[in-house]
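Anchor point for the sequence shown: position 89 equals 96 in my numbering, and the numbering is continuous, going up by one each time.
All C-beta atoms in this analysis are idealised placements derived from N, C-alpha and C, irrespective of residue type, glycine included.
Right, one structure below, let's go through it.
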Amino acid sequence: MKTLSFKTISLAFLLSLLISPWSGNFSLQATEAQDQQVIVNIDGLSCPFCAYGVEKKLKILAGLKDIEIKMNEGQVLLTFEAGVTIDVEAIKEAVEDSGFTAREIILPKSQT
C-alpha cells in the first residue's frame, strides 16, 4: 500500500512538472517570429468615410492581420503575419481602388 501511494505521488509530481508553465517554453517564445508592420502614407484621408473606403479595399490583402488608420497623420498601419511576402503593388492597387494615392510605403527592414 505504501509503495502504491509513493508511486502515485511521484507520478503526480512528474506530471505537474510537465504541465508547468516553466517546463521549457522559453525557447519556443524566443524563436517565435514577429508580425510585420507596413506604414502607408496616403494623401487626403480627411474623414471616417474615406478611412472606411481604404480599409475595405486593404482588408483583402494576403496575410493581413490588422489595419490601423491614423487620419490626422494620413497613415495606415498594416500588420501582416510573420513570414508573409508583402506585395507592394497589391497595396498600391488597393489604395488606388479606394480613390487615393499611396504617397509612400515603408516596409519592415526584413523586406527592404
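I'd like the list of long-range same chain contacts for Thr38, defined as Cβ closer than 7 Å, with 5 residues on each side in sequence excluded. With a pLDDT of 46 at Thr38, under the threshold of 50, the predicted position of this residue should be treated as unreliable, though the coordinate-derived value follows. Within the same chain, Thr38 has no close Cβ partners at all.
Taking C-alpha atoms, which residue in Asp94, Ser53 and Phe56 lies nearest to Ala69? Asp94
Below 8 Å between beta carbons: does that hold for Val61 and Ile46? no
Which same chain residues end up closer than 7 Å to Phe33 when comparing Cβ atoms and leaving out the 5 residues on each side of it in sequence? At Phe33 the pLDDT is 45, less than 50, meaning the model places this residue with poor confidence; the figure from the coordinates comes in the next sentence. Once the five neighbours on either side are set aside, Phe33 has no close Cβ partner at all.
Whole angstroms are fine: how far does the CA of Gln44 sit from the CA of Leu84? 7 Å
Nonlocal neighbours in the same chain, by C-beta distance under 8 Å from Ile98, ignoring five residues either side: Val45, Val47, Leu65, Leu68, Leu85, Ala109 and Ile112
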